[in-house]
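All remarks here apply to the structure that follows.
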Amino acid sequence: MNRPEVYQDLREDSPTFGAVAVKLPDGSTLGDYGAMTLDRGGSYPRAERLAGWTRMVPVVDVGPAAIG
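Using this note's numbering, read the sequence shown as starting at 2 and increasing by one per residue.
This is the structure in structure tokens:
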């Protein structure tokens, strides 16, 4: 199973600062991504709206020994 493609808006001057977007399956009629903001609710933006957002890379195999 592939990990989801996740982006976050980390631009402090952006009206959507802190928002997170997850890539939807190809061909989705809703949009390219499902996004949730901290205070404005959710949306389904196209890829162009995520320009400037940061792609989040998951940490793999983090166990109790790696934490703390």
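Quick reminder that beta carbons are idealized off the backbone N, C-alpha and C, glycines included.
Keep in mind the model is a prediction, meaning the values are calculated, not measured.
Beta-carbon proximity of residue i to residue j, cut-off 8 Å
i: Glu-49; j: Lys-24; result: no
i: Gly-19; j: Leu-39; result: yes
i: Ala-36; j: Gly-43; result: yes
i: Tyr-8; j: Arg-47; result: no
Counted within 10 angstroms of its Cβ, other Cβ atoms place residue i as buried (16 or more) or exposed
i: Asp-10; result: buried
i: Thr-30; result: exposed
i: Thr-17; result: buried
CA-to-CA distance, residue j to residue i, given in whole angstroms
i: Val-60; j: Arg-4; result: 11 Å
i: Asn-13; j: Val-21; result: Looking at the sequence itself, residue 13 is Glu, so the reference to Asn does not match. Distance between the alpha carbons of Glu-13 and Val-21 is about 14 Å.
Beta-ladder partner(s) of residue i, from DSSP
i: Tyr-8; result: Ala-22, Arg-56
i: Tyr-34; result: Lys-24
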